[in-house]
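First comes the structure, then the notes that go with it.
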Amino acid sequence: MSKTFDISIDALRDATENALPEVSVGARHAVPSARITTPAAGDGRLGGRSFSSDVAVASHGGALAPEGRLPNKSFYIETFGCQMNVHDSEKVAGVLLGRGYRAAENPAQADLLLYNTCSIREKAAQKVFSRLGDHKLSAKNNGKVIGVLGCVAQQEGEEIFERAPWVSLVCGSASYRKLPDLVDQIETGGRRVMGLDLDTDETFETEITRRDNPFRAYLTIIEGCDYSCAYCVVPHTRGPERSRASGAVLSEVRRLADSGYTEIQLLGQTVNSYRDPSSRGMNFAALLRGVAAVPGIRRVRFTTSHPNDFHREIVEAIDEIPALCDHVHLPVQSGSPRVLKAMRRTYTREEYLEKISLLRSARRPISVTTDLIVGFPGETDRDFEETVTLLDEVCYDGVFSFKYSPRPNTPAMTMPDAIPEEEKGRRLAILQDRQRQIQIERNETLVGETFEVLVDGRHASRGQWSGRTTSNRILNFTSSSESILGEYVQVRVTRAGPNSLVGEHVESS
Ligand code: SAM
Ligand code: SF4
Numbered sequence: 017m018s019k020t021f022d023i024s025i026d027a028l029r030d031a032t033e034n035a036l037p038e039v040s041v042g043a044r045h046a047v048p049s050a051r052i053t054t055p056a057a058g059d060g061r062l063g064g065r066s067f068s069s070d071v072a073v074a075s076h077g078g079a080l081a082p083e084g085r086l087p088n089k090s091f092y093i094e095t096f097g098c099q100m101n102v103h104d105s106e107k108v109a110g111v112l113l114g115r116g117y118r119a120a121e122n123p124a125q126a127d128l129l130l131y132n133t134c135s136i137r138e139k140a141a142q143k144v145f146s147r148l149g150d151h152k153l154s155a156k157n158n159g160k161v162i163g164v165l166g167c168v169a170q171q172e173g174e175e176i177f178e179r180a181p182w183v184s185l186v187c188g189s190a191s192y193r194k195l196p197d198l199v200d201q202i203e204t205g206g207r208r209v210m211g212l213d214l215d216t217d218e219t220f221e222t223e224i225t226r227r228d229n230p231f232r233a234y235l236t237i238i239e240g241c242d243y244s245c246a247y248c249v250v251p252h253t254r255g256p257e258r259s260r261a262s263g264a265v266l267s268e269v270r271r272l273a274d275s276g277y278t279e280i281q282l283l284g285q286t287v288n289s290y291r292d293p294s295s296r297g298m299n300f301a302a303l304l305r306g307v308a309a310v311p312g313i314r315r316v317r318f319t320t321s322h323p324n325d326f327h328r329e330i331v332e333a334i335d336e337i338p339a340l341c342d343h344v345h346l347p348v349q350s351g352s353p354r355v356l357k358a359m360r361r362t363y364t365r366e367e368y369l370e371k372i373s374l375l376r377s378a379r380r381p382i383s384v385t386t387d388l389i390v391g392f393p394g395e396t397d398r399d400f401e402e403t404v405t406l407l408d409e410v411c412y413d414g415v416f417s418f419k420y421s422p423r424p425n426t427p428a429m430t431m432p433d434a435i436p437e438e439e440k441g442r443r444l445a446i447l448q449d450r451q452r453q454i455q456i457e458r459n460e461t462l463v464g465e466t467f468e469v470l471v472d473g474r475h476a477s478r479g480q481w482s483g484r485t486t487s488n489r490i491l492n493f494t495s496s497s498e499s500i501l502g503e504y505v506q507v508r509v510t511r512a513g514p515n516s517l518v519g520e521h522v523e524s525s
């Protein structure tokens with residue numbers, strides 16, 4: 017099995033530090049190395065052109081155009097938001113590479129500059145407009161084409177052309193399958209080109225995907241969302257739920273394994289709501305088993321799970337199959353039954369805790385992380401206190417906590433009793449302090465234990481290697497080995513912090 021671990025460690029840290037939701041603001045599609053995977057990996061042929069299925073990309077955004085097309089134009093994508101956005105950008109990059117574009121090293125050098133945006137909270141959306149402002153002059157003077165993709169594109173639509181008339185392309189994620197046509201229109205001088213359909217039952221399938229993380233391959237199995245949480249823009253920006261056929265998912269996993277990937281992360285806003293549209297009719301647990309059974313795959317992760325669709329079958333699969341990682345991200349959002357109802361989360365606190373009991377009843381320890389929102393409209397001190405007691409009751413291994421951010425077109429936007437920003441900040445600080453203590457206590461119990469780690473980085477200045485355990489903990493460790501990047505090694509934990517562990521490589525003699 018071939019491997020192409022020709023990478024810059026710092027770029028890698030960016031990619032791997034950000035392995036949980038809402039993380040990689042500014043993940044860029046010009047990291048020094050990446051891999052191209054294509055559906056034609058076996059025979060290297062695609063649409064009459066040949067590709068390598070496992071290409072280490074030159075470290076300066078080198079020419080990646082397929083044979084027969086001149087790489088005379090370059091692109092650069094800046095990605096904001098969650099892993100789904102990161103992976104969407106990998107696929108968009110694949111579409112462009114397939115059309116003969118090459119990857120530019122930085123925005124200044126690109127002919128086509130794309131922002132793949134996030135609008136989950138107001139700050140993320142604002143950041144995009146500030147970035148667009150930075151490139152106004154080069155769009156006007158140097159003919160640089162600027163495009164806005166993703167959630168802000170879907171949400172703001174044509175309005176973007178009014179606010180930033182130098183933007184030429186606006187495309188929401190539900191319209192990515194039309195990207196080749198939209199790019200054609202741009203290439204023939206089109207201005208104000210738009211793709212904003214939401215009423216689709218199709219998923220975004222690409223002939224080529226440019227993967228930026230050489231160790232963990234993202235793979236979206238379900239797009240959109242059919243829930244309607246009162247605070248959330250996703251159903252408006254990503255459209256209705258649609259799953260990929262299991263056959264297509266499993267073939268892609270086989271190709272990834274053939275090209276050297278051992279870790280797969282299945283993605284979806286509600287990944288466990290997966291329903292196979294093909295006649296195989298696999299549910300999520302069956303798909304997990306199928307992915308884990310692909311030869312060469314050693315780790316399978318998935319995010320994000322919705323508590324409503326989280327069933328015993330998933331825990332049983334994790335229990336039985338070592339390749340299924342012992343980590344579940346199960347967002348609760350609030351510990352208050354009243355707030356959960358107002359949020360339209362479709363479960364009560366008690367029902368959520370039953371899912372946690374399922375996880376705790378597994379034969380092997382499964383680490384559990386969550387998302388929480390503080391300061392939802394009408395959240396009282398008592399409601400907030402119930403969220404804090406939930407932390408104590410569940411003892412999460414990690415929490416992503418956010419101040420509620422009012423979003424356009426959501427029911428919560430017009431709810432009474434908004435919580436002042438200052439009070440939201442106070443509650444967030446209390447929550448984060450408490451959770452920090454819990455993580456310190458939990459991580460300290462791991463000192464002295466030995467874990468298998470997939471090595472994904474090196475801190476040269478600290479003389480440390482870095483990797484993740486199957487429970488998704490970051491473990492920084494010393495080793496006398498010279499080259500263990502991409503390897504699975506045993507590491508003994510010697511120290512614990514709230515967010516990571518420190519250890520030493522247990523080297524086989
Ligand atoms: N589908 C996932 C679920 O059901 O939990 C969540 C996906 S969302 C992209 C990621 C997280 O952003 C949510 O879990 C929530 O905590 C947070 N979030 C979403 N809308 C928000 C808002 N308006 N204000 C603050 N945080 C928000
Ligand atoms: Fe948003 Fe709720 Fe759908 Fe998650 S389940 S993406 S929070 S609407």
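Sequence positions in the sequence shown follow the working numbering and run 17 to 525. Where a beta carbon is used, it is the ideal one built from N, C-alpha and C, also for glycine.
Beta carbon of Cys248: closer than 8 Å to some heavy atom of the ligand SAM?
Here the question's residue 248 lines up with position 232 in the sequence shown. Set against 8 Å, the gap from the CB of Cys248 to the closest heavy atom of the ligand SAM is smaller.
Inter-residue spacing [alpha-carbon to alpha-carbon] between Thr386 and Ser259
Numbered from 1 along the sequence shown, position 370 holds the residue referred to as residue 386. Numbered from 1 along the sequence shown, position 243 holds the residue referred to as residue 259. Those two C-alpha atoms are separated by around 23 Å.
On the premise that Thr320 lies in contact with Pro347, defined as a C-beta separation below 8 Å, what is that separation, rounded to the nearest angstrom?
The residue you call residue 347 lines up with position 331 of the sequence shown. The residue you call residue 320 lines up with position 304 of the sequence shown. At roughly 6 Å, the Cβ-Cβ gap stays under 8 Å, so Pro347 and Thr320 are in contact.
What residue from Tyr243, Asn122, Lys160, Gly394 has the CA that sits closest to Asn288's CA?
As a first step, residue 288 must be located in the sequence shown, where it is residue number 272. If you compare the alpha carbons of Tyr243, Asn122, Lys160, Gly394 with that of Asn288, the shortest gap goes to Tyr243.
When the Cβ atoms of the region 156–170 are set against those of the region 179–196, are three or more pairs found closer than 8 Å?
Two segments are said to touch when three or more pairs of C-beta atoms, one from each, lie closer than 8 Å; by this definition the region 156–170 touches the region 179–196.
Report yes or no: do the region 347–360 and the region 393–410 share at least 3 C-beta pairs separated by less than 8 Å?
Contact holds: three or more Cβ-Cβ distances are below 8 Å.
Please tell me whether, using a cut-off of 8 Å, the distance from the CB of His252 to the nearest non-hydrogen atom of the ligand SAM is below it.
Against the sequence shown, residue 252 aligns to sequence position 236. Short note on His252: C-beta not closer than 8 Å to any heavy atom of the ligand SAM.
Can you have a look at His475 and say buried or exposed, based on whether 16 or more other CB atoms are within 10 angstroms of its CB?
Along the sequence shown, one-based indexing puts residue 475 at 459. So His475 counts as exposed.
Closer than 8 Å: is that where the CB of Tyr290 sits relative to any heavy atom of the ligand SAM?
Start at 1 with the first residue of the sequence shown, and residue 290 comes out as number 274. No; taking the cut-off as 8 Å, the Cβ of Tyr290 has no heavy atom of the ligand SAM nearer than that.
Sequence-distant residues of the same chain with beta carbon closer than 6 Å to Glu341, five excluded per side
Within the sequence shown, residue 341 is the residue found at index 325, counting from 1. Note that residue 341 is Cys in the sequence shown, not Glu. Within the same chain, and ignoring the five residues on either side of Cys341 in sequence, the residues whose Cβ sits closer than 6 Å to its Cβ are Arg315, Arg317, Thr486.
Terminal residues of the beta strand (DSSP E) in which Glu221 lies
Position 205 of the sequence shown, counting from 1, holds the residue named residue 221. Neither: Glu221 is in no beta strand (DSSP E) and is coded neither H nor E.
Would you report the Cα separation of Gly513 and Val507, rounded to the nearest angstrom?
By 1-based counting over the sequence shown, the position of residue 513 is 497. By 1-based counting over the sequence shown, the position of residue 507 is 491. Rounded to the nearest angstrom, the two C-alpha atoms are 16 Å apart.
Got a sec: does the ligand SAM put a non-hydrogen atom nearer than 8 Å to the Cβ of Gly143?
Counted from its first residue, the sequence shown places residue 143 at position 127. Going by the sequence as given, residue 143 is Lys instead of Gly. Relative to the ligand SAM, even the nearest heavy atom lies 8 Å or more away from the CB of Lys143.
Measuring only the C-alpha atoms, how far is Phe177 from Arg208?
Translated into the one-based positions of the sequence shown, residue 177 becomes position 161. Translated into the one-based positions of the sequence shown, residue 208 becomes position 192. One Cα belongs to Phe177, the other to Arg208, and the distance between them is close to 7 Å.
Just the Cα atoms here: how many angstroms apart are Thr225 and Glu468?
Stepping through the sequence shown from its first residue, residue 225 is reached at position 209. Stepping through the sequence shown from its first residue, residue 468 is reached at position 452. In a straight line, the C-alpha of Thr225 is about 29 Å away from that of Glu468.
Taking buried to mean at least 16 other C-beta atoms within 10 Å of its own C-beta, is Ser105 buried or exposed?
Your numbering for residue 105 matches position 89 in the sequence shown. A residue is called buried once 16 or more other Cβ atoms fall within 10 Å of its Cβ, and Ser105 is buried on that count.
Considering only their Cβ atoms, is the gap separating Arg360 from Cys245 smaller than 9 Å?
Taking the first residue of the sequence shown as 1, we reach residue 245 at position 229. Taking the first residue of the sequence shown as 1, we reach residue 360 at position 344. The Cβ atoms of Cys245 and Arg360 lie closer than 9 Å to each other.
Does the distance between the C-beta of Cys245 and the nearest non-hydrogen atom of the ligand SF4 fall short of 8 Å?
The residue given as residue 245 occupies position 229 in the sequence shown. Result yes, Cβ under 8 Å from the ligand SF4.
When we look at the beta-carbon of Ala445 and count the other beta-carbons within 10 Å, is it buried (16 or more) or exposed?
Within the sequence shown, the letter at position 429 stands for residue 445. Taking a 10 Å sphere around the C-beta of Ala445, we find fewer than 16 other C-beta atoms and assign the residue as exposed.
Quick one: is the Cβ of Thr421 within less than 8 Å of any heavy atom of the ligand SAM?
Here residue 421 refers to the residue found at position 405 of the sequence shown. Checking the sequence, you will find Ser at residue 421 rather than Thr. It does: the Cβ of Ser421 is within 8 Å (strictly closer) of some heavy atom of the ligand SAM.
Start-end ranges of the alpha helix (DSSP H) lying completely within the region 414–473, minimum 4 residues:
Runs found: 437–460.
Could you check the C-alpha separation between Cys98 and Lys156 for me, to the nearest Å?
Along the sequence shown, one-based indexing puts residue 98 at 82. Along the sequence shown, one-based indexing puts residue 156 at 140. The C-alpha of Lys156 is placed about 31 Å away from the C-alpha of Cys98.
Can you tell me which of the three DSSP states Gly114 falls into?
For the purposes of this step, residue 114 is taken as the residue at position 98 of the sequence shown. Per DSSP, reduced to three states, the secondary structure at Gly114 is helical.
When DSSP labels each residue in this structure, what does Leu235 get in the three-state scheme?
Numbered from its first residue, the sequence shown carries residue 235 at position 219. Secondary structure at Leu235: strand, using DSSP grouped into helix, strand and coil.
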